[in-house]
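Here the structure is laid out as structure tokens; the discussion comes afterwards.
Protein chains: 8
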Amino acid sequence: MAAKEKTLVGVIMGSDSDYPVMAEAGRMLEKFGIGFEVEVVSAHRSPARAAEYAETAAKRGLRAIIVGAGGAAHLAGVVAALTTLPVIGVPMPSTSLNGMDSLLSTVQMPGGVSVATMAIGKPGATNAGIFAAQILALSDADIARKLVDYKKELDSGVAEKSARLKREIAEKK
Amino acid sequence: MAAKEKTLVGVIMGSDSDYPVMAEAGRMLEKFGIGFEVEVVSAHRSPARAAEYAETAAKRGLRAIIVGAGGAAHLAGVVAALTTLPVIGVPMPSTSLNGMDSLLSTVQMPGGVSVATMAIGKPGATNAGIFAAQILALSDADIARKLVDYKKELDSGVAEKSARLKREIAEKK
Amino acid sequence: MAAKEKTLVGVIMGSDSDYPVMAEAGRMLEKFGIGFEVEVVSAHRSPARAAEYAETAAKRGLRAIIVGAGGAAHLAGVVAALTTLPVIGVPMPSTSLNGMDSLLSTVQMPGGVSVATMAIGKPGATNAGIFAAQILALSDADIARKLVDYKKELDSGVAEKSARLKREIAEKK
Amino acid sequence: MAAKEKTLVGVIMGSDSDYPVMAEAGRMLEKFGIGFEVEVVSAHRSPARAAEYAETAAKRGLRAIIVGAGGAAHLAGVVAALTTLPVIGVPMPSTSLNGMDSLLSTVQMPGGVSVATMAIGKPGATNAGIFAAQILALSDADIARKLVDYKKELDSGVAEKSARLKREIAEKK
Amino acid sequence: MAAKEKTLVGVIMGSDSDYPVMAEAGRMLEKFGIGFEVEVVSAHRSPARAAEYAETAAKRGLRAIIVGAGGAAHLAGVVAALTTLPVIGVPMPSTSLNGMDSLLSTVQMPGGVSVATMAIGKPGATNAGIFAAQILALSDADIARKLVDYKKELDSGVAEKSARLKREIAEKK
Amino acid sequence: MAAKEKTLVGVIMGSDSDYPVMAEAGRMLEKFGIGFEVEVVSAHRSPARAAEYAETAAKRGLRAIIVGAGGAAHLAGVVAALTTLPVIGVPMPSTSLNGMDSLLSTVQMPGGVSVATMAIGKPGATNAGIFAAQILALSDADIARKLVDYKKELDSGVAEKSARLKREIAEKK
Amino acid sequence: MAAKEKTLVGVIMGSDSDYPVMAEAGRMLEKFGIGFEVEVVSAHRSPARAAEYAETAAKRGLRAIIVGAGGAAHLAGVVAALTTLPVIGVPMPSTSLNGMDSLLSTVQMPGGVSVATMAIGKPGATNAGIFAAQILALSDADIARKLVDYKKELDSGVAEKSARLKREIAEKK
Amino acid sequence: MAAKEKTLVGVIMGSDSDYPVMAEAGRMLEKFGIGFEVEVVSAHRSPARAAEYAETAAKRGLRAIIVGAGGAAHLAGVVAALTTLPVIGVPMPSTSLNGMDSLLSTVQMPGGVSVATMAIGKPGATNAGIFAAQILALSDADIARKLVDYKKELDSGVAEKSARLKREIAEKK
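Chains as they are written, first to last, in my numbering: chain A, 1 to 173; chain B, 1001 to 1173; chain C, 2001 to 2173; chain D, 3001 to 3173; chain E, 4001 to 4173; chain F, 5001 to 5173; chain G, 6001 to 6173; chain H, 7001 to 7173.
Written as structure tokens, this is what we have:
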């Protein structure tokens, strides 16, 4: 509950066109009852805004920042340079190179400044939300319990899908 | 202090030949005064051991697990499937493909199970240690202070290197 | 005949969305008169289920396991770690990186645990079915004969297509 | 025993310079007590020889063929086109592109003709030997038992390496 | 003239689905008045047919062979192994990996057997036809003259397109 | 002359270990008589320093900034975000991925903020120096003349090397 | 003003099919009030035309040349070899390999001849126009002022998009 | 004979540092008794020289041009644009990207101008020499006979190597 009322996670992205992907992070945060805020912040087009966001994040009560960016994806690194909060990077797939550029620009950080990089695109955004919950769960028993439940859901979801697929195959014969 | 006396982070790797890289994670954890344990655990050669490690990690008091693996690097994902603790993956560079295989095998996780992926090799191992500290700092003021100091060190280190380089260039002329 | 009545091959996949690709493996097994079962089993979402599947496969009479998985495709490796049956991996194409991640995650296994990797997508699934038949043919003269016939079919299929194409070109002139 | 006295597996390679890698396959076959033969056969430089090798393999009593080749690695595919025996491909790392070309040329077979592809280089050659053993074990209880033992060896090897590494780290402190 | 009446170039492809691409090679051969034949020949599905085609090509009067193939594209190399005629390879784009596999499988031939590789897809097929004409032009003045004319056509085609584009831009203003 | 006395170009790099590569840029600037300064500035370790450098560059009289960075190479983009001066990026080769990550992180900038990217490593650093000279030559006749001379030098250098190589080949016979 | 009346920048491309991408460069030049000309010039199909364009560019008053080309994209390098004007290269995305070939062919220039390479496709064309403006701004206060304004526009554009996105999210709840 | 006395093939390269690779082409031309000349010609550093070489090649009696170049390897394409002679391209491996850039810059030619691309590095240079011989053999019975002999040599070379390897393995036991 407390977690929901407070804004604990920032979900930022380099462009509003990244939102359909990044909405998956929000969906997971909601699922785990974690309050979050959404902003469009560009490392290149609004550098001062990006710096200010990073520098004030901890003071404003955030505990983790999820960052989506594509191409020469500098936003996660730029934010990580200016905060000691955990920064979680999601490489966008929306480029000529299908997100390989976004991935390498996000993950290949030099020793000293870390970005926790997730998969390219929607699976990565989903997992960014889950990973933020995993961090918060270390000091929040409610979120911890929800994560355990979620793992069970995943497991039973697979079992159900398997059963359904087998039925469909049987019916076709 | 408390952090140092307790083993809070597991540093595991798929092969003992990964240790020269993974030692960098340990070096950073020591710097931030965080107790950790080291194990060789293979997802493929010792799957039961890997499963047991993951399943008992939280109960044994760990708060995060750093995983180094190379090639078809499954260890981080296998561990993440069996724990709700944050799992931090470090792709090993020691393969024919220079670690591109390790990176993709670690980072491209499906939605539902997250691995926080770091850069390939030593910079990644260094940052895995830092990232674990960033997670723990959320509930440990001592580590938080050390992280702030570390950022200052990084900054002054750059300034010193710049000054030294400029002196060396001037002397050569 | 015997081969058809018994379930000799397991065809498993990480997600039900992989079925349109993996159905090609089933199609070939049917063609060669080999009984098989289909399951959705996720290395990451249902790890216990995956482990149990692998550990009981030989006892349940399976002689080979065909595994389809995508992205950080760990399922084939995870299964291969827990059985001495031949495991045949099919990398799924359904990712941002067109299956390059699936391929490397499946094929780059460390020395000690082997996964027989096929091409990305449908050709790979087709060939997984054929390869399972090739293994079973070593001790089943019926399947062996069907494989010889199949090679002849392939050959005459090419000759027919060549003749048809030449007719079509001639008619256009 | 029977397995050792008879030549059951062919280990062929496109060039004698591939032998240091392919010797790993032989090492594993010896470990499992499986008789094998070694030949240099080039799809491009000795095509008739390659065709003859493939066409006579089954008649000569072989049960599987392990093929190492690099660059535009056609040998495994060429052999697989001419036999119904299981063909296991090992991509050589010895090229400008570090074996990525060898891997894609070996694995991306069209539907209809299958090559069971292993990892690039020595781990792949090791696993090719193991995979041949896994196939033969389906009808040879002795090899099957050795494979079970080998899995235990792998497991205890990891445990030993872990213990040794921990001792070394403790001693350094 | 003579060139048109005789079949001087073979245009072969691994699958009839490659024809829409390979038709571009035929279009260029027609433009230069060079007689050619079209066949579907698979290195993997019809290996004997492929070998026979290559071995009889020179005797049947062919002066060059254009080969289109995709994925683990072995056909050009297999043909080149069995003839001393110039073999021109065209990598097909129709694969999960957009033809990168086709390209590497065609171009990375070992020293001793050469395949003249063209670009992936239609531009490559077009250029394969032109390149065959360039070879034949060395001993056929008529083709040589047509090649000179073709270069002029290319040049004036660019000038015309440039003029048209400038007109269109001017009209829009 | 004036150009030499004034510091017109900044040559900055993310780490002092980049200097052996970036020295090539300095070598070319000296050749063209252009004053420059060298600094180590890290986008990640010294972000405030990097921002200050970029924001004050124009005021301090610089006309172009050459930036060398490797891995997740954000420095050029970060600087370009904060100045309207031309920024020239040189991707460092010193990474696991041989500089492919550095290249993509530097060149794939989003529309709105431009980085003029050069080749990976020393050729890129050389060309960065030349390109800065090309920019300055637009308003400095002395540099313009030197660029014309340099092109002649390049041309005669090739002719000399060709002559020398031909002599050496002739002597060996 | 002067800038608008004179043709200061050449925007050339290898094919008229590149125009929809390259039009973005023109759009930015117009925005900054810079006169430009558009030509289709092919390094391969109209080499004399390309050479003449490059050799006369400076004399005709151009101050920079923007070059779009795809595949084996030689045009920018060919032009840069024949002029001392700054050459800005834009790799086209319209190839089998999504522009990776265009990028490497444009950026990996040897030491001695520089091409300022932009991102693949439209963002690159946009930035090529901006970069030309940045060069011209060094000696044109009007363009310099417009560049400062443009940076402000970018910044406020991000703020607006962020506000709009937040409103839309709030409304959906 | 005639072939040896006349200079029929040009072997050119972008840099004298390419000679150790390109010497392999010369070695094969000598083997087949074909006269050739060697030149260093740079598309970028000596464009006029490159153009003149291409434009005069046919008149000077050349029948084919072998071109070695690396990085943004434009030389083969630039030469092919200016001659109707067959141009054979050899991508140099001497770059940060191990020759992948050289390969793509050489092979991905647009429709209209063809370059016959060989493998990266020495195998490619060897095959360029062989391919030139294959072209000349169409109208020179002596070279044609030598090519047939060479194919036999390749074949017996493989047989000898196979025999030697088997002896060595037998001796070790």
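We treat Cβ as the ideally placed atom computed from N, Cα and C, and that holds for glycine.
These figures come from a predicted structure and were not determined experimentally.
- Task: Would you identify the three-state DSSP class for E/M4001, choosing helix, strand or coil?
- Result: Since pLDDT at E/M4001 reaches only 40, below the 50 mark, its modelled position is unreliable, and no value is offered.
- Query: Just by C-beta distance, which residues in the segment 6031-6046 of chain G are closer than 9 Å to chain H?
  - Reply: S6042, A6043, H6044, R6045, S6046
- Message: Within 10 Å of its beta-carbon, does D/S3139 have 16 or more other beta-carbons around it, so buried, or fewer, so exposed?
- Response: Taking all protein chains in view, the Cβ of D/S3139 is surrounded by fewer than 16 other Cβ atoms within 10 Å, so the residue is classified as exposed.
- Message: Given this structure, state the Cα-to-Cα distance separating G/V6079 from F/L5008, to the nearest angstrom.
- Response: 26 Å
- Message: Counting only Cβ-Cβ distances shorter than 9 Å, please list the residues of the segment 5-19 of chain A near chain F, keeping chain order.
- Response: G14, S15
- Beta carbon of F/S5114 nearer than 8 Å to that of G/I6130: Less than 8 Å divides the Cβ of F/S5114 from the Cβ of G/I6130.
- Message: Looking at the ligand NAD, does it come within less than 7 Å of F/D5155, judged from the CB to the closest heavy atom?
- Response: As presented, the structure is devoid of all ligands, the ligand NAD included, so that no description of it is given.
- D/K3151 touches chain C at which residues, Cβ-Cβ below 8 Å? T2084
- Message: Just to confirm the assignment, what range does the alpha helix (DSSP H) spanning H/V7107 have?
- Response: 7100-7107
- Task: Give the residues of chain E in contact with D/V3051, contact being defined as C-beta atoms less than 8 Å apart.
- Result: The question names Val, but residue 3051 of chain D is Ala in the sequence shown. What D/A3051 touches in chain E: P4047, A4051.
- D/A3144 versus D/A3133 - alpha carbon distance: 8 Å
- Query: Does the beta carbon of F/M5109 come closer than 8 Å to any beta carbon on chain A?
  - Reply: yes
- Item | Under 8 Å between C-beta atoms of A/K122 and A/E37 | No, the pair does not count as a contact, with Cβ atoms beyond the cut-off.
- Query: Per DSSP, H/G7089 forms a beta bridge with which residues?
  - Reply: H/V7067, H/T7117
- Are F/T5126 and G/G6112 touching if we call contact CB-CB under 8 Å? yes
- Item | Within 8 Å of chain H by C-beta, residues of the segment 5111-5132 of chain F in sequence order | A5119, I5120, G5121, P5123
- Task: Enumerate in chain order the residues of its own chain whose CB-to-CB distance from D/G3071 is below 8 Å, with the five nearest sequence positions on each side excluded.
- Result: M3092, T3095, D3101, S3102, S3105
- Query: Taking Cβ-Cβ distances shorter than 8 Å, what residues in chain B pair up with A/I135?
  - Reply: Those are P1086, I1135, L1138, listed as they occur along chain B.
- Item | Simplified DSSP state of E/L4075, which is helix, strand or coil | In the structure shown, E/L4075 sits in a helix (DSSP, three-state: H, G or I).
- Looking only at C-alpha atoms, which of B/G1089, B/L1082, B/P1086 sits nearest to B/E1055? B/L1082
- Identify the residues that DSSP records as bridge partners of C/F2036: which are they? C/V2009
- Message: Give me, in chain order, the residues of the same chain whose beta-carbon lies closer than 8 Å to that of B/E1005; leave out the 5 immediate sequence neighbours on both sides.
- Response: G1035
- Task: Rank C/R2063, C/K2031, C/L2165 by C-alpha distance to the C-alpha of C/V2148 and give the top, closest one.
- Result: C/K2031
- Message: Within the continuous alpha helix (DSSP H) that includes C/K2161, where are the two ends?
- Response: Bounds of the alpha helix (DSSP H) holding C/K2161 are 2141-2172.
- Message: Quick check: the Cα distance between B/L1062 and D/K3166, rounded to an integer number of angstroms?
- Response: 18 Å
- Could you check which residue in H/P7110, H/P7020, H/V7040 has the C-alpha nearest to that of G/H6074? Nearest to G/H6074 by C-alpha distance, out of H/P7110, H/P7020, H/V7040, is H/P7110.
- Below 6 Å CB to CB, which residues in the same chain sit around F/A5050 once its five sequence neighbours on both sides are set aside? V5041, A5043, V5078
- Message: Give me the chain F residues within the contact set of A/A81, using Cβ-Cβ distance strictly less than 7 Å, ordered along the chain.
- Response: A5043, H5044, P5047
- Message: Taking its Cβ as the centre, do 16 or more other Cβ atoms sit within 10 Å of B/S1015, making it buried, or is it exposed?
- Response: buried
- Query: Going along the chain, which residues of the segment 2093-2105 of chain C sit with their C-beta nearer than 9 Å to a C-beta in chain D?
  - Reply: Answer set for the segment 2093-2105 of chain C: L2103, L2104.
- Task: Determine the burial state of A/P20: buried for a count of at least 16 other Cβ atoms within 10 Å of its Cβ, exposed for fewer.
- Result: exposed
- The alpha helix (DSSP H) enclosing A/A133, as first and last residue numbers: Its alpha helix (DSSP H) spans residues 122-137.
- Taking the C-alpha atoms as reference points, what is the distance between B/I1135 and A/L85? Cα to Cα, B/I1135 sits roughly 8 Å from A/L85.
- Item | Assigned secondary structure, H/P7047 (DSSP; H/G/I helix, E/B strand, else coil) | helix
- Check whether the Cβ atoms of F/R5045 and B/V1090 lie closer than 8 Å to each other. Contact flag unset, no.
- Would you identify the three-state DSSP class for C/D2029, choosing helix, strand or coil? The amino acid occupying residue 2029 of chain C in the given sequence is Leu; Asp does not appear at that position. Note: C/L2029 maps to helix in three-state DSSP.
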